Amino acid sequence: MENFSEVMSLFLSVDNFIAIAVGVLIGVVVGAIPGLTATMAVALALPFTFSLEPVTAILLLVGIYKGGMYGGSITAILIRTPGSPASACTLLDGYPMAQQGKAKKALKTALYSSVVADVISNVALIFFAAYLAKIALNFGPPEYFWLICFSLTIIVSVSGSSVVKGLIAAFLGIIVSTIGLDAVYGTQRLTFDNYNLMDRVSFIPLLIGLFAIPEVIDFYTSKVAPHIRTAVTGASLTWQEFKASLKTIIRGSVIGVIIGAIPGTGATSAAFISYSEAKRTSPRKDNFGKGEVEGVAAAEAGNNGVAGATLIPLLSLGIPGDVITAIILGAFMIHGLTPGPVLFQENLTLVYALFCGILVSSVVLLVVGNAAIKYFSLIADIPKTILLPIVLMFCIYGAYAVNNSTFDIGLMLAFGILGFVFNRTGIAAAPFLIGFILGPMFEDNLRRTILISKGDPSVFFRGPITWVFVLLTVASLAFAVRRYWVTRN
Amino acid sequence: MAISENQIADAPATHYGRLNPNTIVGAAFFILALVFLYYIIPNYISSPPFMQHPLLSPKFLPQVAGWSVLVLSLVLMVSGLRVPPEREPGDELRRGVSVIRQGLMVAAGVVYAFFFEQLGAIGSGVLACVLLFLASGLRNPLIYLLAAAFPVLVTLLFIYLLNVPLPAGELWEAWF
Chain R
1 MENFSEVMSL
11 FLSVDNFIAI
21 AVGVLIGVVV
31 GAIPGLTATM
41 AVALALPFTF
51 SLEPVTAILL
61 LVGIYKGGMY
71 GGSITAILIR
81 TPGSPASACT
91 LLDGYPMAQQ
101 GKAKKALKTA
111 LYSSVVADVI
121 SNVALIFFAA
131 YLAKIALNFG
141 PPEYFWLICF
151 SLTIIVSVSG
161 SSVVKGLIAA
171 FLGIIVSTIG
181 LDAVYGTQRL
191 TFDNYNLMDR
201 VSFIPLLIGL
211 FAIPEVIDFY
221 TSKVAPHIRT
231 AVTGASLTWQ
241 EFKASLKTII
251 RGSVIGVIIG
261 AIPGTGATSA
271 AFISYSEAKR
281 TSPRKDNFGK
291 GEVEGVAAAE
301 AGNNGVAGAT
311 LIPLLSLGIP
321 GDVITAIILG
331 AFMIHGLTPG
341 PVLFQENLTL
351 VYALFCGILV
361 SSVVLLVVGN
371 AAIKYFSLIA
381 DIPKTILLPI
391 VLMFCIYGAY
401 AVNNSTFDIG
411 LMLAFGILGF
421 VFNRTGIAAA
431 PFLIGFILGP
441 MFEDNLRRTI
451 LISKGDPSVF
461 FRGPITWVFV
471 LLTVASLAFA
481 VRRYWVTRN
Chain U
1 MAISENQIAD
11 APATHYGRLN
21 PNTIVGAAFF
31 ILALVFLYYI
41 IPNYISSPPF
51 MQHPLLSPKF
61 LPQVAGWSVL
71 VLSLVLMVSG
81 LRVPPEREPG
91 DELRRGVSVI
101 RQGLMVAAGV
111 VYAFFFEQLG
121 AIGSGVLACV
131 LLFLASGLRN
141 PLIYLLAAAF
151 PVLVTLLFIY
161 LLNVPLPAGE
171 LWEAWF
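Given below as structure tokens:
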């Protein structure tokens, strides 16, 4: 009861509610603007969280994440441009519906499916995160070492079209993560005697550089594409139609939760698995791909079911499930918090206050999503010629704000150029970020394991937990290799 | 699956030739990895005189990563030579872009990177926004009022609402 009142006093703050509302709104707006992504929005919002309380800061970012997931489907349905890779499945039926004059129905289906999936995902997060964190309390450095190895297999799934390029990016990220003073010996590594690099490469300039600046550079090094305008028309979703899709939505949500809880599998695969499962079992399977309400519902339930579940490995094990949760992990660290089992021991009230906020975010998504459908044309008609100079300004101010240093502006622009080169050469930036985040964790746990075992390699296989992670790592790699060969052939 | 010489020669315009992004990127990373392994690591990572275990060396992880990049870039280069990748639909949009447009973008980047503290957040923001609006060929003078308004608004947002200090501008401080 004492804990409950502490949680409530931490959660029931006006700032938290404003953060959730603003976060979801930013997410939906950014997601609805073609070319801007939720990842970019979360990266840009990070510097704004410096002066906020940890709960408020995390809720703002989670709000953007959830809003962005839904916002991405708006452009997928209306202009056949998925705002995020996860929304690619939504356009299969959403866009044909829009062409048939049922854009409003498609958008409402996407919204209600997203909200239901989000609630189910949040409930799963609340139930499973604490349980998993309790198990993780038994982990020592060898167990964490293998957990990080397993998590590094995420790289394969976020590598985009080329696994080789993705792996190169990941190893480059690992190299950049080693810049600074060595944690054990205190010797300089790759600092080139520059004191700005002694305390490692700053996370925020790297993040903004990789995910926001390339969009700006790409815009000014390409011809201006014609601005597409579209209107939201047609009848809305009826209760009967929603009820008929409810089974599909719940099934898609559960698929999303299971897939989201596994690091690296991602919302895109959840959306497609949910869609194909709905198609397989639906009595209207022939209508899939031609503008079927159930198709939109399945895709959106699948990808939004992932949103809460990706926070399960993040909060309980300290492992990011995807790129956005990797950024949220950075936000935790900026506020002096380390996600993982210790967070549940030392900051339990904070964790439960976060859970309350995450639940509220689903309701906010419903309200903001409805408004977004109504005012979509106002959002999407902001031309990039005006929008991107402002985005660049936010990038610069945000990078400078980290250490009040122009060095960070230069660093961000350098990573921006790297991200642009990555974009142009088909290299995904996400593996670079995953390598940058997991590299130091890998090295730290490897060294601690060697130190406690005095160099005895058998400690790496000391118990059932290590073996579970060894097997998971091998299975994940085998699955990735198999998928690579299937795709290639 | 390997592609024969004739197939490459007859490759349609939708594919790159042998000099494609994969071979170029692969070759570039291969050279960079060699420089990293044989010049940067020996000269810019110092190891302590005594170590309990070679895996504890500060050079261990950078070396593993460097060798991995070397091998993977070689794989990328070879695959680029054997199977030239397809051209992307967006490539057309990137041809024949005005040099002025690109130059103005670079100028905006230079303003932020080198004159941010001298001009201040507002001064550099206004100048960069004007340069970028010019790069897009915007002609409506009212639009340029936004270039002045947005930096002021965003700076005030950072300073007063978020308590994040931004530079006022050394140049203006010296004048006033």
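First to last, the sequence lines map onto chains R and U. One point on numbering: in UniProt numbering, the residue at position 41 of the first sequence is 41, and numbering is uninterrupted. One point on numbering: in UniProt numbering, the residue at position 34 of the second sequence is 34, and numbering is uninterrupted. Virtual Cβ for every residue (Gly too), placed ideally from N, Cα, C. As the structure is a computational prediction, the values presented were derived from the model and not from experiment.
### Query
Which residue comes first and which comes last in the alpha helix (DSSP H) that contains R/R447?
430–453
Which residues in chain R have a C-beta closer than 7 Å to the C-beta of U/G125? List them in chain order. M393
Chain-order list of residues whose beta-carbon lies under 7 Å from that of residue 495 of chain R (same chain, five-residue window excluded): Lying outside 1 to 489, the shown extent of chain R, residue 495 of chain R is not represented and no answer is given.
At the 8 Å Cβ level, is U/L132 part of the contact set with chain R, yes or no?
yes
Practice prompt. State whether the region 198–216 of chain R contacts the region 415–433 of chain R, with contact taken as three or more CB pairs (one from each stretch) at a distance under 8 Å.
Written response: yes
- Just the Cα atoms here: how many angstroms apart are R/G94 and R/N370? 17 Å
Whole angstroms is fine: what's the gap from U/I40's alpha carbon to R/G435's?
One Cα belongs to U/I40, the other to R/G435, and the distance between them is close to 20 Å.
By Cβ distance below 7 Å, which residues in the same chain neighbour R/V323 in space, the five residues on each side in sequence not counted? T39, V158, A430, L433
Q.
Using a Cβ-Cβ cutoff of less than 7 Å, which residues in the same chain neighbour U/F29 once the five nearest sequence positions on both sides are dropped?
A. Taking C-beta separations shorter than 7 Å and ignoring five residues to either side along the sequence, the partners of U/F29 in its chain run V69, S73, following chain order.
Just to confirm my understanding: we take R/I396, look at its own chain, exclude 5 residues before and 5 after, and list those with CB closer than 7 Å. What are they?
I409
Using a Cβ-Cβ cut-off of 8 Å, state whether R/T75 counts as contacting chain U.
no
What does a CB cutoff of less than 6 Å around R/P359 pick up in its chain, not counting 5 residues either side in sequence? The identity of residue 359 of chain R in the sequence shown is Leu, whereas the question assumes Pro. Once the five neighbours on either side are set aside, the close Cβ partners of R/L359 are N122.
Please report the straight-line C-alpha distance between R/T281 and R/W485, rounded to a whole angstrom. Going from the Cα of R/T281 to the Cα of R/W485 covers about 28 Å.
**Request:** Assign R/W239 to buried or exposed, taking buried as 16 or more other Cβ atoms, counted over all protein chains shown, within 10 Å of its Cβ.
**Result:** exposed
Is there a Cβ of chain R sitting closer than 8 Å to that of U/E86, yes or no? Judged by the 8 Å Cβ criterion, U/E86 is not in contact with chain R.
Would you verify that the beta carbon of U/P48 is, or is not, closer than 8 Å to some beta carbon of chain R? yes
Could you give the uninterrupted runs of the alpha helix (DSSP H) lying entirely in the region 120–189 of chain R, keeping only those of 4 residues or more? 141–152, 154–157, 163–177
Helix, strand or coil: how does DSSP classify R/E292 here? coil
Q) Do you know how far the Cα of R/S269 is from the Cα of residue 237 of chain U? A) Residue 237 of chain U lies beyond the residue range present for chain U, which begins at 1 and ends at 176; the question has no answer from this structure.
query: Can the beta-carbon of R/V391 be found less than 8 Å from the beta-carbon of R/V216?
result: yes
The region 441–456 of chain R: which residues have C-beta closer than 8 Å to a C-beta of chain U, in chain order? Listed in sequence order: F442, E443, L446, R447, I450, L451, K454, G455.
Could you pull the start and end residues of the alpha helix (DSSP H) that U/G103 belongs to? 99–135
Subject >> Check whether residue 496 of chain R and R/A401 have beta carbons under 8 Å apart >> reply: Absent from the structure is residue 496 of chain R, since the part of chain R shown begins at 1 and ends at 489.
Host alpha helix (DSSP H) of R/D218 (start-end):
Its alpha helix (DSSP H) spans residues 213–220.
Q: Quick one: list the residues of chain R neighbouring U/E170, beta-carbon separation under 8 Å, in chain order.
A: Result: empty, since nearest Cβ-Cβ is about 11 Å, beyond 8 Å.
Given a cut-off of 8 Å on the beta-carbon distance, is the pair R/V14 and R/L365 in contact? no
Three-state secondary structure assigned by DSSP to R/E6: helix
Closest to R/L107 by C-alpha separation, out of R/A326, R/A43, R/L237, would be which residue? R/L237
Practice task
Take R/A235 as the anchor and find which of R/R483, R/V293, R/V459, R/G101 has the nearest alpha-carbon.
Solution key: R/G101
Q) Considering U/F30, what are the terminal residues of the alpha helix (DSSP H) in which it resides? A) 21–35
Alpha-carbon to alpha-carbon, R/K384 and R/I33
9 Å
Does any residue of chain U have a CB that is nearer than 8 Å to the CB of R/S476?
no
Would DSSP call U/I45 helix, strand or coil? U/I45 falls in the strand class under three-state DSSP.
Is the shortest distance between the beta-carbon of R/R189 and the beta-carbons of chain U less than 8 Å? yes
request  = Compare the C-beta of R/A401 with all C-beta atoms of chain U and state if any pair is closer than 8 Å.
outcome  = True, the Cβ-Cβ gap to chain U drops below 8 Å.
**Cutoff 7 Å; reference R/I204; Cβ partners in own chain excluding five residues on either side** = L46, P47, G398, A399, V402
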